[in-house]
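For the sequence shown, the working numbering assigns the number 0 to the initial residue and increments by one for each residue that follows.
A virtual CB, placed ideally from N, CA and C, is assigned to each residue, including glycine.
Structure record follows, encoded as structure tokens.
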Amino acid sequence: MKLSDIKEILPTLDNVEFQLENGTLVSEHFHVTEVGVITKHFIDCGGTIRNEKVVNFQLWNANDLEHRLKPTKLLNIIKLSEEKLGMEDAEIEVEYQSDTIGKYDLDFNGNHFVLKNKQTACLASDACGIPAEKQKVKLSELSNACCKPNSGCC
0 MKLSDIKEIL PTLDNVEFQL ENGTLVSEHF HVTEVGVITK HFIDCGGTIR NEKVVNFQLW
60 NANDLEHRLK PTKLLNIIKL SEEKLGMEDA EIEVEYQSDT IGKYDLDFNG NHFVLKNKQT
120 ACLASDACGI PAEKQKVKLS ELSNACCKPN SGCC
């Protein structure tokens, strides 16, 4: 989800609610403690230099049970961040504490913002020497296609 997407969704909501991809809801008394831009300048295993930029939201569960973040408040935080940080319309990455600080992609299911699990991947699979994944075949299906002993096909 890009920043422009969340800015379009927020005015249509009564409450800002987040849930993990497994359906677990983030406590309704969470705070957005940071909105920022994270730039990653790196080289992949194939030698390609890359730059990535994401808009970052950090969610934090506080012991403050009296406050709930309303859509207009989050929209104002985003607008201030755009003004002060010069944020571009980039993909949103959310940091949220579970066993450790997790980084999540963001989606919307019509009711809740969904923290989608991120996965690592090789960005230079064609250059780094990792063999292509072999096709899995059921041996039971091969028995009909195999040669018979002493048939001369092997």
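Nearest by alpha-carbon distance to D104: which of C44, A126, K117, Q96 is it?
K117
Which value, in whole angstroms, describes the spacing of the CA atoms of H28 and T71?
16 Å
Considering only DSSP beta bridges, list what R49 is partnered with.
F41
So what does DSSP say about N108, is it helix, strand or coil?
coil
So, helix, strand or coil for T11, using DSSP?
helix
Can you tell which of V31, I8, L12, S3 has its C-alpha closest to the C-alpha of Y95?
V31
Classify F17 as buried or exposed, calling it buried when 16 or more other Cβ atoms lie within 10 Å of its own Cβ.
buried
Status (buried if at least 16 other CB within 10 Å, exposed otherwise) for I91
buried
Can you tell me which of I48, V34, G109 puts its alpha carbon nearest to the alpha carbon of H40?
I48
Rank E81, M86, L24, S124 by C-alpha distance to the C-alpha of E44 and give the top, closest one.
The sequence shown places Cys at residue 44, not Glu. When only C-alpha atoms are compared, the closest one is S124.
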